[in-house]
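> Numbering of the sequence shown is given in full-length UniProt numbering, commencing with residue 1 and proceeding in unit increments. All C-beta atoms in this analysis are idealised placements derived from N, C-alpha and C, irrespective of residue type, glycine included.
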Amino acid sequence: MSALQPIKLYMHSGAVGGPNPYKVLIILHYLNIPFTKVATDDPKAEWFVKNINPNGRVPAIEDPNTGLTLWESGAIIEYLVDKYDQKGKISVKEGKGVWEAKQYLHFQMSGQGPYYGQAVWFHRFGDHMPDGKKRYLEQIERVMMVLHNILEGKEYLVDNRLTYADLAFVPWNMPAQQWPVLSDPLWKPYQIEEKYPNFVRWHNKLAALDAVKKAYEP
Ligand SMILES: N[C@@H](CCC(=O)N[C@@H](CS)C(=O)NCC(=O)O)C(=O)O
């Protein structure tokens, strides 16, 4: 990897910003891919929208080794493991697991991130819309229940080993467990520890990985 030029990762500069860039950061750390962070506190800035991501959001990457600019965290993860995890350290190269890993990544992108994101929005700005708050907390609980059921008798989602599919869920489960805006109304009131122990055990094990801890270092 040392001959590689660092990949530019566009993300906010705060100690902890929105969760999506952390999905990419964890993968970069886990695979020891050289990278530099480019502080992007205004992803709606004209230069960024024009040159990097027309959707005005982070994360995005520029890979000088291939000339590729890419946005959408799920696509970035797929690119990184395809290009820089040829030995399959956290990706699956053959068998059903190839597709199961993609399935879980799609579930994360469509079934976890957007629901958790809406929950954050309603809890920050939706005091006048209590139904919205309730709806998205219930959806988070439902996603946790689904993961708990999938993980019955299993340590990891795919092929009983750690893959990018597991890691992709970490950054949205962090705020659900730790940020007061979500964890206060959710974690204890919805009895997450008691009702979904497979999910909690899995998340805690992932959160304790060095690559995850490094991603959250200031
Ligand atoms: N589906 C996108 C979502 C990206 C996204 O919503 N990023 C947030 C940070 S977690 C963002 O850039 N928010 C700033 C804004 O919307 O202006 C992905 O997974 O990359």
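Are the Cβ atoms of Glu193 and Trp202 separated by less than 9 Å?
No, the pair does not count as a contact, with Cβ atoms beyond the cut-off.
> At which residues does the alpha helix (DSSP H) containing Ala60 begin and terminate?
Looking at the DSSP string, Ala60 is not in any alpha helix (DSSP H); the run it does join, the beta strand (DSSP E), is Ala60 to Asp63.
> Check for me: the beta strand (DSSP E) holding Asp11 runs from which residue to which?
The question names Asp, but residue 11 in the sequence shown is Met. Counting along the chain, the beta strand (DSSP E) containing Met11 begins and ends at Ile7 to Met11.
> On the CB-based measure, 16 or more other CB atoms within 10 Å of its CB, does Gly153 come out buried or exposed?
With fewer than 16 Cβ atoms within 10 Å of its Cβ, Gly153 is classed as exposed.
> Roughly how many angstroms lie between the CA atoms of Val170 and Val98, to the nearest whole one?
Their backbone Cα atoms lie some 20 Å apart in a straight line.
> Going by the DSSP bridge assignment, what does Val158 pair with across the sheet?
Answer is Arg161.
> Within 8 Å: the Cβ of Gly18 and any heavy atom of ligand 1?
Yes, ligand 1 has a heavy atom inside 8 Å of this Cβ.
> By the 10 Å Cβ neighbour count, where 16 or more other Cβ atoms means buried, how is His123 classified, buried or exposed?
His123 comes out buried.
> Contact between the region 28 to 37 and the region 206 to 217: three or more CB pairs below 8 Å?
Yes, the region 28 to 37 is in contact with the region 206 to 217.
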